[in-house]
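Residue numbers (our numbering): -5 to 178. Glycine included, every Cβ here is placed at the ideal spot set by N, Cα and C.
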Ligand code: S3P
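Spelled out as structure tokens, the structure:
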């Protein structure tokens, strides 16, 4: 059963995608925005634009804590808007301050995947500072274990993408968002 988001209770008419790095939030979010006729916004892209530098440069020059502060600022801005698909960075749930913001912003879908699937998707990509380590699979396993309860706490719906094609995941997201946000 898809929970209905009552927009009169001050939750926004937005679809928010949360989940670990490499779960497809940005790729699927862009297509979901097209299908729903919503604007696509990506918190990492906005952070990078506001800071005038890439995410790896923010981590390297200013540190993770500075990145997290920028992330909350961007989320606060996004949460004020409407008719958006908001793709979030995988660590957005690590700050408790972000939890009410995510929930108020709208309907939150958690894209899930196993550590092995995630590793396979991210292993050639150097843009994720937290995974530039000797044993990325182990790091993914540990971080996922640490964060699972946090995703659980903010989600309205979780979708396990391991055995789904991108189109199947997209369909699940778009149709449940239509019901939850009561879109015609
Ligand atoms: C992070 C995930 C990244 C990005 C940053 C930190 C994390 O976003 O925000 O590298 O802590 O999981 P994606 O989930 O889009 O890769």
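What I want to know is whether the C-beta of residue 123 ends up closer than 7 angstroms to one or more non-hydrogen atoms of the ligand S3P.
Indexing the chain shown from 1 puts residue 123 at position 129. For the ligand S3P, at least one heavy atom lies less than 7 angstroms from the Cβ of residue 123.
Since residue 155 contacts residue 82 with CB under 8 angstroms, what's their CB separation in whole angstroms?
Along the chain shown, one-based indexing puts residue 155 at 161. Along the chain shown, one-based indexing puts residue 82 at 88. Not a contact, Cβ separation roughly 16 angstroms.
Evaluate residue 4 with the Cβ neighbour count: other Cβ atoms within 10 Å of its Cβ, from every protein chain shown; 16 or more gives buried, anything less gives exposed.
The count along the chain shown starts at 1 and reaches residue 4 at position 10. Answer is exposed; the Cβ neighbour count stays below 16.
In chain order, which continuous runs of the alpha helix (DSSP H) of length 4 or greater are located wholly inside the region 15 to 71?
19 to 30, 37 to 45, 49 to 56
Among residues of its own chain, excluding the 5 on either side of residue 72, which ones have a beta-carbon nearer than 6 angstroms to its beta-carbon?
The count along the chain shown starts at 1 and reaches residue 72 at position 78. Taken in chain order, the residues that qualify are 35, 80.
Within 10 Å of its beta-carbon, does residue 33 have 16 or more other beta-carbons around it, so buried, or fewer, so exposed?
Sequence index remark: in the chain shown, residue 33 carries index 39 (1-based). Residue 33 is exposed by the Cβ-count criterion.
May I ask you to report which of helix, strand or coil DSSP gives residue 8?
If you number the chain shown from 1, residue 8 lands on position 14. The answer is strand: DSSP assigns residue 8 an E or B state.
Just checking residue 38 against the ligand S3P - is the residue's beta carbon closer than 7 angstroms to any of the ligand's heavy atoms?
Locating residue 38 in the chain shown gives position 44, where the first residue counts as 1. At least one heavy atom of the ligand S3P is nearer than 7 angstroms to the Cβ of residue 38, so yes.
If you run the structure through DSSP and keep just helix, strand and coil, what is residue 87?
The sequence position of residue 87 within the chain shown is 93, counting from 1. Helix.
Buried or exposed (CB count within 10 angstroms, at least 16 for buried), residue 171:
Counting from 1 along the chain shown, the entry for residue 171 is found at position 177. Its Cβ being crowded by 16 or more others within 10 Å, residue 171 is buried.
Between the region 156 to 169 and the region 9 to 27, do at least 3 Cβ pairs fall closer than 8 angstroms?
yes
Excluding the five sequence neighbours on either side, which residues of its own chain have a C-beta within less than 7 angstroms of the C-beta of residue 147, listed in chain order?
Looking up residue 147 in the chain shown gives position 153. Answer for residue 147: 93, listed in chain order.
Work out the CA separation of residue 107 and residue 176 for me, nearest whole Å.
The residue given as residue 176 occupies position 182 in the chain shown. The residue given as residue 107 occupies position 113 in the chain shown. Cα to Cα, the separation comes out at about 27 angstroms.
If you measure from the CB of residue 20, is any heavy atom of the ligand NAP nearer than 7 angstroms?
Absence of the ligand NAP from the depicted structure is noted, with the ligand S3P being the only ligands included.
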